[in-house]
Amino acid sequence: MSNSSAPAHDERVGVLGKLVETSPATLQTGLEILFAPIRFLAFWLAVTLPFLYLPLLISGLQGEQVTVFGTLLALNVAALVVGHGHAR
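Using the working numbering, the letters of the sequence shown correspond one by one to residues 9 to 96.
Following this line, the structure appears as structure tokens:
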């Protein structure tokens, strides 16, 4: 009987070997490409979230609205941090 998983295993080891041999600059570029859409969305989320504050502040913060406002504020700060590096 032949071991049918041997070629697939060799192929995975080859891919892993290529990844290990890759330069850190290439990996950094790959990560930048991967995180660019996340940074883009976070940037625009940070821009648009303050518009959701207005109805809460105009009507006055009462009861559960304080929690919603705090959550929106924390989400906005997180989006500002993540989206800060977004280029034009």
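Every residue, glycine too, gets a C-beta built ideally from N, C-alpha and C.
Please read all numbers here as calculations on a predicted model, not as lab measurements.
Annotated as proximal: G91 and A50, with beta-carbon spacing under 9 angstroms.
With fewer than 16 other beta carbons inside 10 angstroms of its own, A33 counts as exposed. In the three-state DSSP reduction, G71 falls in the coil class, being neither helix nor strand. The C-beta distance from L81 to A54 rounds to 12 angstroms, too long to fall under 8 angstroms, and the pair is not in contact. Across the structure, T75 and L69 are spaced so that their CA atoms are roughly 9 angstroms apart.
Apart from the 5 residues on each side of it in sequence, G93 sits with its Cβ closer than 6 angstroms to the Cβ of R47 in its chain, given in chain order.
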